[in-house]
Amino acid sequence: MATKVFISWSGDLSNKLADAVREWLPGVLQFVKPYFTPSDIEKGTKWSSDISGELEQSDIGIICLTKDNLTKPWILFEAGSLSKNLDSSKVCTLLFDIDSTDLKGPLTTFQTTRFEKADFKKLVKSINNSGGENKLEDSVLDQVFDMWWDKLESKVNDILSNNKNTGDTEQRSERDILEEILELSRLGAKGVRSKRFDLPPDVLMDLMKAATELRHLSEMEGSKRLHLASRRLEEPLEYLFRHSDYPEIYERYRMERHRSPFRRNIEDDCDDEKS
Numbered sequence: 031m032a033t034k035v036f037i038s039w040s041g042d043l044s045n046k047l048a049d050a051v052r053e054w055l056p057g058v059l060q061f062v063k064p065y066f067t068p069s070d071i072e073k074g075t076k077w078s079s080d081i082s083g084e085l086e087q088s089d090i091g092i093i094c095l096t097k098d099n100l101t102k103p104w105i106l107f108e109a110g111s112l113s114k115n116l117d118s119s120k121v122c123t124l125l126f127d128i129d130s131t132d133l134k135g136p137l138t139t140f141q142t143t144r145f146e147k148a149d150f151k152k153l154v155k156s157i158n159n160s161g162g163e164n165k166l167e168d169s170v171l172d173q174v175f176d177m178w179w180d181k182l183e184s185k186v187n188d189i190l191s192n193n194k195n196t197g198d199t200e201q202r203s204e205r206d207i208l209e210e211i212l213e214l215s216r217l218g219a220k221g222v223r224s225k226r227f228d229l230p231p232d233v234l235m236d237l238m239k240a241a242t243e244l245r246h247l248s249e250m251e252g253s254k255r256l257h258l259a260s261r262r263l264e265e266p267l268e269y270l271f272r273h274s275d276y277p278e279i280y281e282r283y284r285m286e287r288h289r290s291p292f293r294r295n296i297e298d299d300c301d302d303e304k305s
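Counting the sequence shown from 1 gives a position; my numbering is that position plus 30.
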């Protein structure tokens with residue numbers, strides 16, 4: 031029976047690195063079947079069906095982290111979902127050009143693997159140990175790993191080098207950020223089967239901070255469009271927080287919103303435009 035490995039990523043650089051790992055793993059461990067979504071669009075549209083189904087059937091989770099995606103909502107969302115579906119010892123953060131000290135919040139709860147030969151080999155051995163009767167003998171694994179390692183290392187180094195040479199840093203608009211937060215809020219509501227949401231407080235705090243930053247941005251720029259977009263977050267946020275174990279986090283957010291004199295003025299203007 032195949033060992034299913036769920037490979038999580040977010041952002042263009044992380045996508046390329048995760049894809050390199052996806053292609054490489056079955057060459058070393060032929061019983062491994064990696065799961066990897068080819069695009070962020072598919073992540074958003076299929077999370078409640080394809081991805082959630084694969085995650086429930088996965089034996090191992092690998093979260094590909096770069097300096098560009100440490101705080102991305104999708105990476106935090108999938109990390110939280112992996113932690114609920116798999117034992118923590120079976121979920122690993124794979125670090126590319128970053129150190130474990132760079133991790134914050136829920137990502138610090140997982141065991142880390144640096145992308146260098148000795149540490150990455152430990153991860154591969156952990157995956158091999160989950161293979162049951164398909165597991166390779168240690169001596170065989172050592173030989174196969176050494177034979178394949180240079181190929182993966184070369185590809186990863188090329189990806190990282192090209193990313194640095196082009197200065198490719200992903201710029202996202204406020205609209206993109208808002209839509210992603212809204213989608214995560216909706217998925218959090220749809221994906222939980224119990225009456226209360228078993229979400230870590232760090233994830234809830236990150237969601238609240240993102241919503242607060244969007245509100246502050248609308249106030250600084252005096253933008254009615256951004257303010258209306260921020261208001262769209264209130265209903266899904268309230269539903270998500272009130273069905274978690276930490277409703278007081280939302281109360282803090284709500285009270286801060288209603289203290290803002292700018293908010294009252296711009297809401298009056300927005301309501302006038304609607305009527």
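Glycine included, each C-beta is placed from N, C-alpha and C at the ideal position.
What you are looking at is a predicted structure, and each value in this text was computed from that prediction instead of being measured.
- Go through the region 58–128 residue by residue and report every complete run of the beta strand (DSSP E) that reaches 3 residues or more, in order. The qualifying runs are 62–65, 90–95 and 121–125.
- Item | F271 in three-state terms, based on DSSP | helix
- Query: What are the boundary residues of the beta strand (DSSP E) that includes S40?
  - Reply: Premise fails: S40 is in no beta strand (DSSP E) and is neither H nor E.
- Message: Please return the same chain residues whose Cβ sits closer than 8 Å to the Cβ of L106, not counting the five positions on each side in sequence.
- Response: G135, P136, L137, V233 and D236
- Would you mind reading off the limits of the beta strand (DSSP E) that contains T242? Looking at the DSSP string, T242 is not in any beta strand (DSSP E); the run it does join, the alpha helix (DSSP H), is P231 to E251.
- Starting from the Cα of I314, find the closest Cα among Q60, C94, P56 and L59 and give me that residue. No statement about residue 314 is possible, as the shown extent of the chain runs from 31 to 305 and does not include it.
- Message: Can you tell me whether D168 is buried or exposed? The criterion is at least 16 other CB atoms within 10 Å of its CB, across all chains shown.
- Response: exposed
- Query: Is the region 79–90 close to the region 109–116, with three or more CB pairs under 8 Å?
  - Reply: yes
- Task: Give me the Cα-Cα distance between A240 and R144, rounded to the nearest whole angstrom.
- Result: 28 Å
- For the alpha helix (DSSP H) holding N159, just list the boundary residues, first then last. K147 to N159
- For L166, the first and last residue of its enclosing alpha helix (DSSP H): Note, L166: premise wrong, no alpha helix (DSSP H); not H, not E.
- So which of T33, D42, K34 and V35 has the shortest CA-CA distance to K194? D42
- Message: I need the straight-line Cα distance from N158 to Y269, nearest angstrom please.
- Response: 42 Å
- Task: Kindly indicate the opening and closing residues of the beta strand (DSSP E) around T139.
- Result: Note, T139: premise wrong, no beta strand (DSSP E); not H, not E.
- Query: Which first and last residues belong to the alpha helix (DSSP H) in which L258 is found?
  - Reply: K254 to R262
- Query: If you draw a straight line from the alpha carbon of E146 to that of T123, how long is it in whole angstroms?
  - Reply: 13 Å
- Item | Rounded C-alpha distance that separates N45 from I81 | 16 Å
- Message: Buried or exposed, going by whether 16 or more other CB atoms sit within 10 Å of the CB of T131?
- Response: exposed
- Task: Can you tell me which of the three DSSP states K134 falls into?
- Result: coil
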